[in-house]
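These notes are about the structure you will find just below.
Protein chains: 2
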Amino acid sequence: MNSPFVSDVPAAAAHTAWREARAAAGCPARVATVRVPVGEAVGRVTAEPVWAKRSAPAFDSSGMDGIAVRAQDTVGAAETTPVLLTDFEVVDTGDPLPAGYDAVIMREHVHRTGEQAEIRAAVPPYQHVRSIGEDISAAELLLPEGHRLRPVDVAACAAAGVVELAVRRAPVVAIIPTGDEIRPLGATLEPGDILDTNSLMLAAQAREAGCAADVTEIVRDDPDAITAALRAAAAGADLVLLIAGSSAGRDDYTARVVAGAGTLAVHGVAVRPGHPVVLGTVDRTPVVGVPGYPVSAALTFDIFAAPVLAELEGAAPRERPSTTAHLARKLPSAIGMDDWVRVRLGRVGDRVVATPLPRGAGVLTSLVRADGLLVVPSGVEGHHAGAEVRVELLRGLAEIDRTVVAIGSHDLVLDLAASALRADNPLITLASSNVGSLGGLVALRDGLCHLAGSHLLDPATGEYTLPYVDKLLGDGFAVIRLVHRDQGLIVAPGNPLELAKIDDLTRQGLRYVNRQRGAGTRALLDHELARRGMDPADIPGYAREEHTHLAVAAAVSSGRADAGLGILAAARAFGLDFVPVAQEPYDLVLRTDSLADDRLAPLWDLLGRTGFHDEVEALGGYSCAETGRRIR
Amino acid sequence: MNSPFVSDVPAAAAHTAWREARAAAGCPARVATVRVPVGEAVGRVTAEPVWAKRSAPAFDSSGMDGIAVRAQDTVGAAETTPVLLTDFEVVDTGDPLPAGYDAVIMREHVHRTGEQAEIRAAVPPYQHVRSIGEDISAAELLLPEGHRLRPVDVAACAAAGVVELAVRRAPVVAIIPTGDEIRPLGATLEPGDILDTNSLMLAAQAREAGCAADVTEIVRDDPDAITAALRAAAAGADLVLLIAGSSAGRDDYTARVVAGAGTLAVHGVAVRPGHPVVLGTVDRTPVVGVPGYPVSAALTFDIFAAPVLAELEGAAPRERPSTTAHLARKLPSAIGMDDWVRVRLGRVGDRVVATPLPRGAGVLTSLVRADGLLVVPSGVEGHHAGAEVRVELLRGLAEIDRTVVAIGSHDLVLDLAASALRADNPLITLASSNVGSLGGLVALRDGLCHLAGSHLLDPATGEYTLPYVDKLLGDGFAVIRLVHRDQGLIVAPGNPLELAKIDDLTRQGLRYVNRQRGAGTRALLDHELARRGMDPADIPGYAREEHTHLAVAAAVSSGRADAGLGILAAARAFGLDFVPVAQEPYDLVLRTDSLADDRLAPLWDLLGRTGFHDEVEALGGYSCAETGRRIR
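Quick mapping for you: the protein sequence lines, in order, are chains H and Z. For the first sequence, position 332 matches number 321 in my numbering, and the numbering has no gaps at all. For the second sequence, position 117 matches number 106 in my numbering, and the numbering has no gaps at all.
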C-alpha cells in the first residue's frame, strides 16, 4: 500500500506538522467568545472561569420538615425526662430558619400536643440547619475555563446568581463534496454514479461534536472550481472538510488545490483506512482533505477533525471508553501503518471476545456493525488469535455483556430473529458474524461465541452438522434446529442458460461463483459433485469464492457470474431466478450449559412462536416444521 | 432518615410497581413512529428493521488508481519476464470496472511506455476490484429495530438506497415546577425565595436524553392548581416531571394529587439522595414526583425518568462507562438505602483513587465536581478506606488519568491556578478536595493524592508545615511554596464589635465560628491562644466548626457568627471586614519523584509567571515573593 505519490507520515507527526502550519498561517487558537443565557449554554464550553455571584442556599434554612427551636431549650431532654417546648415554630424543608432559632427537630421526633411540643432528646445547635453557602459560597470558583457545560453545571450557575455565561460559540464546519460521479441523495443514478453519503455522515459527525455544519453543493473535478469553493468555505468556517480527491489519481486535486490556495502540511498519513489524507490551511482556516471511502472519511473525522474542533472550543476532546478483549482470530497487520480495525464484541464465559470485521475502507457496514475499534500500531505486525487487545468502545459494555454472539454460517432467519428480539426488548442484541459453518463450530469450540450456525453436510453419512459436532466438539454440546431451507442455483432472471441441475455446471463457457471452503453450501456442492463423480476442476469459476449467499447473488446480479449455489432468499433479494437442488437443515450449536443462559431464553421463546414461523416462511424457501426442536 | 410518612421501597421494586401501574393504566409502550428523511434521523431510534434497497457499491468498480486489465493477459509476467499489455484502460479508484476487464493493477506497479503497459507480475482475476455489494447487498438487514441512529448508520442507509426511515418520534417531557417560594430565573429574590434551577436542569437532562422538554409556569402550593397543571401537562406529554412537594410536609401535595388524578404507584424509595420520590400515572401518562433538592432531582431523572424515556423509544438506555477505584477514606452508609455517593477520581501511582464529596441532597456542587458516582447498595454498611469500589464515570478515564489531585487545605490560589492551567491547555485538570492541612498530609502519605496544600503551624517551633512533613512523611517528600497570605478575623462590615486582636475573642456574648481540627487556620488560632495563655473554653462558639474559609465568611455574613479566623479573600467575597492577625506561608507538599511528573510540569511553569503572580496579588491579602520556590 506504500505509494510513491502519497507519503506515509505517522499520525503523531501529521498532527504536529498540521499544528505548526496552522500556527504559521495565523489560524485562531480558539473560536470567539459569546455571552449566552445559562439556559442556552448546555453543551458549550466556558470561555472564562465562572465565579459564584451569590451563595446557595442564600439563607440559613431548615433541612427537614419539623420545628425550629433554640438548642439550649432542649438541654436535658431524654426518653425518661421529656421537655415541653412552648417556644418553637413549625418549618418545612427549605423554609428560612426563623429568627431567634438555631436548630431544627424532625417532625417524626416531635410529640406535639397543641401549643406544646414534647421533646425526648436534646439537640445540638445547627442540627438539621442548612447553612447559608452550604452548596455554593459567593465568590468561589464554580467552574474553570475550558469546561463543557452539562445540565448540573448550568443549574449550579443559575443557583449562584449567574444568569449569563461566557462560552465559546459552536465551531462552524464547512463540508465540500467533490467528484464528477457524485450525486446528491435522492438523485436518480446512472451507471457509475455514486451517492454523496459522506457529506451526510460528516455533517452528522460535526453536529455530534457540538459544531454547526454547512454542506455546500457538489463541486465537479475541476481544480479552479474546487479552489473557488474552498476559498469561499474557508472564509465562513472554522474548519473545512473537502471530500474525496485527496489521493493521487488523475482527478485528485485536493493536495494541489490546498497547496495553491494556502499551505499543504501533510499529504498521506500512516493510518489505514484513511491513508490519503490532506491536512493544510487556507486563509487562516484549517482544511482536511477527507478520503472518499466512507470508513476512511469517518475515521479521518475522528482522528484529525475532532481534536482540532475540541481545541477550537478550548475543551478536551470527547473520549471513548475502552476495554480489554481477546481476539477471536489472528489479526495480521502491515508494519508502517496504524491499522484501525473494527471489531464485534461479546462476553463469552469470563472474557470479552473481539471478532474483527471486514477491513476494507469502503465497507461502511463494518463500522455500522462494530462494537469497538482496535488500533494495531504501525510498529506491530498484527496479533495472534487469543491475544489480549485494548478496544475503544462504540457501544456500552453492559450492552455488550448482554449480547448473544453467533459465529458461523449466515442465514437471514438469524437477522430476522435479531430484529424481532430487539423489538420485544431493546436490551437484547443478537450479533452474528459470518465465517461459514465450520468456522462457527471451531469458534464455539474455542469459546469465542455462544451460538454457531451450521448446515454442514457430512459426505460420509449424508447427515448435517451432527457428525461434525461429535467429531469436533464431543460431549457437552447441544444442537437446536433453526429452520429447513432450500438450496439451489441462483441464476439470472429468466434463467437464460436454462440450468436445471448440478450436472449443468460443467457446461463450456459457464461462469460459476463458489462459496469459501468451510461453508456449508460449499460442502453441499462438493458432496453433490462427488455423488455424481464430477470433477470440481471441470466447473469454470469453481475457484472464485464469495463469503455469503448475498455476495453470490450479487455476483450473478452484476453479470460477473452465471450461477452460484445459495438460498432462495438471496436470489429473491436481487430479483434473480432460483433452481432448487436440495433442502437442508440449518441448526444452532451451543454448549449444553448455555441452554440455561438467561441471555438465550428470549431466543428459545421466539423460536416457539407461530407468528415468527409465519414471518420466516414468508421469506420463501424456508420451512419451520422443526424450528426450535432440540436434536442433540 | 426513615420516615413514617414516606415509604422505603427498594429501587428495583419501585421500578416494577411503576411498570405495572403504567401497564394497568394503559400507558403506551412506545411513542409513535414517524417517517423522516435519513438526514434528520441521527439520534432517533429505528421503529422497524431497515432492509437495504440497493447494493453498495452498486457496480463492480476499481479499488485502486491504476489500469483495468484481463487477468489472463498477465499470466507469466515476472521481474525477469515482463509482459507488455496493449489492451487495458486507465481507471481511478471508484470508477466502474470497464466491460471486458476483470482485474486492476495499481498505478505504482505499472511501468507504462505510451500505448503499452509493462507488467512484471501476474495478477489473479478480481484483484483490486470492489465487487457489487461488497459493502451492502440489496435486501440484507442493515439495522434492527430499536437501534439509535449514529452518523455512520444514516450514511449506510443512504448508500443502501433508503431515503426515509421509520423512527420513534422524540418523547416529550413536561416539567412542572411547584412551590410558593420558587421564583423564575432572573427574578429579584426576597428573603426565603428560591430560584427555579431544577426546571432548567431537568429540561437539559431530558434534551440530553434525546427528548423534547416543555417547562410550564411555576405552580403555587395548592392541590387544585397542581392537579390542573398535571392534567394539562399529561395530555400533551409522554412523561411528566412534577418538581418538589414529593415529601410529606405540610405543603407537599404531589403524592395526594397523583393519587387523586390517577394512580400513585410508589411514594418513597430506598435511595439516597432522592428518597421522597413519587411514581405514578395520570391519564395514560407516567408521572414522576421529583424531590426539590437539586442532587435528588438530578439523580431521580437518571434512575427513574431516563430508563422509561429510553423504553418509550424502544432503545437501550444510555449507559455510563465504569471503572474500579480505591476509596480515599472510610465511607459509612446506612443499611436499607441505596446510597449514591459522588466522588472525585484521580490516578495516583497505579491506582484510581476515589474521594467522596459532600453527600447532602442540597449540595449540587458535589455533582458538578464529581468525576463519578458510586452506589453503596442498601444491604452494605459502607466501605473501609482503601476498599475497591465500582464507580460510574462522569468524566473520561483518560482525562481522569491526566488529572492532578490536590487534597488538603483550601486556598483560592489553587482554584485560580486550576482555571489558568486549563485555559492554556484544556487537557489539564487540577482537582482539589478540602480536608484541611493535616488531612492533606495524611492523604499524601497514604498515596491518595499528588499534592497536599498545607499551612500547618507547629506550635513547638513556630515553623509552618516542614516539621509535620519531617514527622509524618520523612524522606522522599518535597515542599514548594505556593504563596504567603494574610490570616485575620473576618467580621461584619464596619467591624461593629470593634474586634482588633485575638485577645478580644473571649468577650462576653461574642459568637465565634471556628475551623475544624486539623485545619491550618485552627492550628494558627490554637497557637495564638497558647502563646497568650488563653483558654479555648473562654471563646464562645469555639466548638462550632466550619470546613472552609468561605464557610466561615458565610456564617459571619448571615449574622450567625460575629467573627472567625480566615483569609482576606474570603472576607472580600462576602463584602465583610477583615482584621489581619498574621501572615502565613501556604505550601504544596509532594513526593520528590512527583517533581518530574509530566502532569505537574505546567503547574511549575505557571508558578514562575509574573502574570500569574499579578493575578494572585490582585485578589488581595496574598504575596507571591516566594511563589514556586522549593523549600525542602
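Virtual Cβ for every residue (Gly too), placed ideally from N, Cα, C. On a predicted model such as this, the values are computed, not experimentally measured, just so you know.
When Ala127/Z, Ala614/Z, Ser422/Z, Leu253/Z are compared, the shortest CA-CA separation from Asp272/Z is found for Leu253/Z.
In the three-state scheme derived from DSSP, where H, G and I count as helix and E and B as strand, Ile620/H is classed as coil. Counting only residues of its own chain and dropping the five nearest sequence neighbours on each side, Gly65/H has a CB closer than 7 Å to the CB of Val72, Ala111. In chain order, Asp169 place their CB closer than 7 Å to the CB of Arg209/H, counting only its own chain and leaving out the 5 sequence neighbours on each side. For Tyr282/Z, the closest Cβ of chain H is nearer than 9 Å. Below the 7 Å Cβ cutoff, chain H contributes Ser408, Arg411, Ala412 as neighbours of Glu134/Z, in chain order. The beta carbon of Ala155/H sits closer than 6 Å to the beta carbons of Thr22, Arg24, Ala36, Glu37 from its chain, once the five residues preceding and following it are set aside; these are given in chain order. Between the alpha carbons of Arg619/Z and Leu455/Z lies a gap of roughly 12 Å. In the three-state scheme derived from DSSP, where H, G and I count as helix and E and B as strand, Leu488/H is classed as coil.
Looking from the CA of Asp527/Z, the closest CA among Val468/Z, Arg500/Z, Thr510/Z belongs to Arg500/Z. Scanning the stretch 118 to 194 of chain Z from its first residue to its last, the whole beta strand (DSSP E) runs of 3-plus residues come out as 130 to 132, 153 to 157, 161 to 166. For Gly465/H and Val605/H, the gap between their C-alpha atoms comes out near 30 Å.
When Cβ-Cβ separations below 9 Å define contact, Asn484/Z makes no contact with chain H. Boundaries for His536/H: no beta strand (DSSP E) harbours it, and the DSSP string shows neither H nor E there.
For Ile183/Z, the nearest CB of chain H lies under 9 Å from its own CB, placing it at the interface with that chain. Secondary structure note for Val79/H: its beta strand (DSSP E) is the uninterrupted segment 78 to 80. If you keep only unbroken alpha helix (DSSP H) runs of at least 4 residues inside the stretch 220 to 256 of chain H, you get 243 to 250.
Burial state of Glu302/H is buried, judged by a 10 Å Cβ sphere holding 16 or more other Cβ atoms. Note: Ala201/H is bridge-paired with Val161/H in the DSSP secondary-structure output. Against chain H, the CB of Asn187/Z has a partner CB under 9 Å away; the residue lies at that interface. Close to chain Z, meaning a Cβ-Cβ distance shorter than 7 Å, are the following residues of the stretch 188 to 217 of chain H: Leu189, Met190, Ala193, Gln194, Glu197.
Residues of the stretch 386 to 397 of chain H with a C-beta less than 9 Å from any C-beta of chain Z: Leu386, Ala387, Glu388, Arg391, listed in chain order.
Only residues of its own chain outside the window of five on either side were considered, and among them Val27, Ala30, Val31 have a CB closer than 6 Å to the CB of Val143/Z, listed in chain order. At a C-beta separation below 7 Å, Arg119/Z has these neighbours in chain H: Gly351. Rounded to the nearest angstrom, the Cβ distance from Val332/H to Leu298/H is 26 Å, too far for a contact under 8 Å.
Around the beta-carbon of Asp54/Z, 16 or more other beta-carbon atoms lie within 10 Å, marking it buried. Tyr575/Z is outside the set of residues whose beta carbon lies under 9 Å from a beta carbon in chain H. Among the CB atoms of chain H, one or more fall inside 9 Å of the CB of Ile125/Z. A contact between stretches requires three or more CB pairs, one per stretch, nearer than 8 Å, and the stretch 43 to 62 of chain H meets this requirement with the stretch 113 to 125 of chain H.
Excluding residues up to 5 positions away in sequence, Ala406, Ala409, Leu410, Phe601 lie with their Cβ nearer than 7 Å to the Cβ of Leu595/H in the same chain. Here the stretch 73 to 81 of chain H makes no contact with the stretch 131 to 145 of chain H; the two share fewer than three CB pairs at distances below 8 Å.
Under the three-pair Cβ rule at 8 Å, the stretch 373 to 384 of chain Z counts as touching the stretch 347 to 361 of chain Z. The beta carbon of Asp328/H sits closer than 6 Å to those of Arg261, Ser322, Val365, all from its chain and outside the five residues before and after it, given in chain order. Runs of the alpha helix (DSSP H) lying entirely within the stretch 488 to 555 of chain H and spanning at least 4 residues, in chain order: 509 to 521, 538 to 546.
In terms of beta-carbon proximity, Tyr242/Z stays away from the interface with chain H, with every pair separated by 9 Å or more. Among the residues of chain H, those whose CB is under 7 Å from the CB of Gly122/Z are Leu539, Ala540, Ala543, following chain order.
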